[in-house]
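Written below as structure tokens is the structure these notes are about.
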Amino acid sequence: MAMAWVWTGMVVLSLIFGVLNGTITEVSSAAMEGATAAVELCISMGGIMCLWTGIMAIMNKCGFIDGLSRLFRPILRRFLPCACRDKETLNAVSANISCNMLGLGNAATPLGIQAARRMARGTGGVATDELCALVVLNTASIQLLPTTVAGVRAAYGSASPFDILPAVWLASVLSVTAGLTAARLFSRLFRRR
Amino acid sequence: MDISSLLVPALLSVTALVGMGRKVNVYDTLVDGAREGLSVSAKILPSLVGLLTAVYMFRASGAMDFLGALLAPVLELVGIPAETAALLFIRPVSGGGALAVGSDLMAQYGPDSYIGRVAAVMLGSTETTFYTIAVYFGSAGIRKTRYAVPAALVADLAGFIAAAFAVRLFFYT
Chain C
9 MAMAWVWTGM VVLSLIFGVL NGTITEVSSA AMEGATAAVE LCISMGGIMC LWTGIMAIMN
69 KCGFIDGLSR LFRPILRRFL PCACRDKETL NAVSANISCN MLGLGNAATP LGIQAARRMA
129 RGTGGVATDE LCALVVLNTA SIQLLPTTVA GVRAAYGSAS PFDILPAVWL ASVLSVTAGL
189 TAARLFSRLF RRR
Chain D
24 MDISSLLVPA LLSVTALVGM GRKVNVYDTL VDGAREGLSV SAKILPSLVG LLTAVYMFRA
84 SGAMDFLGAL LAPVLELVGI PAETAALLFI RPVSGGGALA VGSDLMAQYG PDSYIGRVAA
144 VMLGSTETTF YTIAVYFGSA GIRKTRYAVP AALVADLAGF IAAAFAVRLF FYT
């Protein structure tokens, strides 16, 4: 429903601004262009997306996810000490993080939900600090290869679609760190009340 | 030699070799995975039609420039280019919407421009926050989310600022 408001707002504002600015002719043709551009974009980035989901499928079959999960377990124990006492939760969370890193969103979400469900037991519908940390980890993107974005860049003729990788990694690390730090600080504030 | 040009061919070769070493039918797996990628593209197409239509209208009407000009003083303070203002708002709410706004910025300014790169890094380093929170807490039966939303939004904001900073650091220093 939120998107319905955003979409309606954008279209109505375009009409109002178009009339006020005298750009209504441009707005009218832009509506048609936008729809065409969407199809063009999907087709020109589709190839790259297919290639990378294919490569990720190979990595998955090679046991890449299991390897990554093993790597994350000791780190996750520090962030989620209570949840990680339960072996199944730990497995689900580390596989969830690993899938997110490889950009396998479809595989990551069910694993994350499984972990969240186990962690929510006995909380009476109130988010614990660790549940909040899990959500922050999942709302801050930690994807190693942002393949969709690379696909869009390639579609518009980028000389090297993956040259943004170091910048993406740095921004992701800073974003996750800020999120987890904020969660720590907020948790103290919320306890005092 | 450019390291990032080496990345893709190297990644493809290493993946193929490791797969062969582990007796995975590399080619069939690749094709099956690619088929899944096709269904992802096909799935986002309808929403992209709706969203890019709205984004194109919004930009052509001058409303996008107005929004940018309105927020420019605040955004410049933290080093975010004002052109990306609309992306900041739609990113936490809608993944498809963010893709539409971001790809429009890349088309308009060029994927290798400063604005185009910042938009790409923003898309790559943030998530659809509200959707994720709704899915996780909804399925876990959590009604009191406490500070999860503000903390996640802090992460988003930090991601946006860091995206602009990282692009300047890696491409313009």
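Here the protein sequences come in this chain order: C and D.
Under my numbering, the final residue of the first sequence carries the number 201; numbering is consecutive throughout.
Under my numbering, the final residue of the second sequence carries the number 196; numbering is consecutive throughout.
Glycine included, every Cβ here is placed at the ideal spot set by N, Cα and C.
Per-residue DSSP class, three states only, for residue i
| i | result |
| --- | --- |
| V134 (chain C) | strand |
| T151 (chain D) | coil |
| N48 (chain D) | coil |
| I172 (chain C) | coil |
| R129 (chain C) | coil |
| T196 (chain D) | coil |
| Q151 (chain C) | coil |
| P32 (chain D) | helix |
| V144 (chain C) | helix |
| G111 (chain C) | coil |
| R201 (chain C) | The predicted model places R201 (chain C) with a pLDDT of 48, which falls under 50 and marks its position as unreliable, so this point remains unresolved. |
| T76 (chain D) | helix |
| G165 (chain C) | coil |
| L180 (chain D) | helix |
| D94 (chain C) | coil |
| P89 (chain C) | coil |
| T31 (chain C) | coil |
| G85 (chain D) | coil |
| C70 (chain C) | coil |
| A12 (chain C) | helix |
| L98 (chain D) | helix |
Which residues DSSP lists as bridging residue i, in chain order
| i | result |
| --- | --- |
| K199 (chain D) | A question about residue 199 (chain D) goes unanswered here, because the residues of chain D that appear run from 24 up to 196. |
| K167 (chain D) | C:V134 |
Beta-carbon neighbours of residue i, restricted to chain D and to distances below 8 Å
| i | result |
| --- | --- |
| M11 (chain C) | V116, S117 and G120 |
| I121 (chain C) | V158, Y159, S162 and A163 |
| A103 (chain C) | What A103 (chain C) touches in chain D: nothing, since even the nearest Cβ is about 15 Å away. |
Contact list for residue i against chain D, beta-carbon separation under 9 Å
| i | result |
| --- | --- |
| M109 (chain C) | In chain order: nothing, as chain D lies at least about 13 Å away. |
Contacts that residue i makes with chain C (C-beta to C-beta distance below 7 Å)
| i | result |
| --- | --- |
| V41 (chain D) | C70 |
| A57 (chain D) | C58, L59, T61 and G62 |
| S136 (chain D) | Correct list: empty, because the minimum Cβ distance to chain C is about 10 Å. |
| S148 (chain D) | S149, V176, A179, S180 and S183 |
| A189 (chain D) | A175, L178 and A179 |
| A185 (chain D) | L178, A179, L182 and S183 |
| Y170 (chain D) | C140, A191, F194, S195 and F198 |
Beta-carbon neighbours of residue i, restricted to chain C and to distances below 8 Å
| i | result |
| --- | --- |
| A105 (chain D) | Per Cβ cutoff of 8 Å: no residues; A105 (chain D) is ~17 Å from chain C at best. |
Residue i: contacting residues in chain D (beta-carbon distance under 7 Å)
| i | result |
| --- | --- |
| R125 (chain C) | S162 and A163 |
| R98 (chain C) | With the sequence shown as reference, residue 98 (chain C) is identified as Leu, and Arg is not the correct amino acid for it. None at all; the shortest Cβ gap to chain D is about 17 Å. |
| G130 (chain C) | Chain D residues near G130 (chain C): none, gap ~11 Å exceeds 7 Å. |
Contacts of residue i in chain C (Cβ-Cβ under 9 Å)
| i | result |
| --- | --- |
| S36 (chain D) | The premise fails here: S36 (chain D) is roughly 11 Å from chain C at the closest Cβ pair, so nothing lies under 9 Å. |
Any chain A beta carbon closer than 8 Å to residue i
| i | result |
| --- | --- |
| C50 (chain C) | No chain A appears in the structure shown, which is made up of the protein chains C and D. |
Exercise. Which whole runs of the alpha helix (DSSP H) in the segment 100–139 of chain D are 4 residues long or more, in chain order?
Worked result: 108–113 and 118–132
For this session: Please list the residues of the segment 13–35 of chain C that have a C-beta atom closer than 7 Å to any C-beta atom in chain D, keeping them in chain order.
Result: V14, W15, M18, V19, L21, S22, F25, G26, N29, T31, E34 and V35
Problem set entry | Members of the segment 139–150 of chain C near chain D, C-beta cut-off 8 Å | L139, C140, L142, V143, V144, N146, T147, A148 and S149
Exercise. Relative to chain D, which residues along the segment 63–90 of chain C have a C-beta separation below 9 Å, given in chain order?
Worked result: I63, M64, A65, I66, M67, N68, K69, C70, G71 and F72
Problem set entry | Within 7 Å of chain D by C-beta, residues of the segment 158–177 of chain C in sequence order | V160, R161, Y164, G165, S166, A167, S168, F170, D171, I172, L173, P174, A175 and V176
Problem set entry | Residues, ordered as in the chain, of the segment 83–102 of chain D that lie near chain C by beta-carbon distance below 8 Å | A83, S84, G85, A86 and F89
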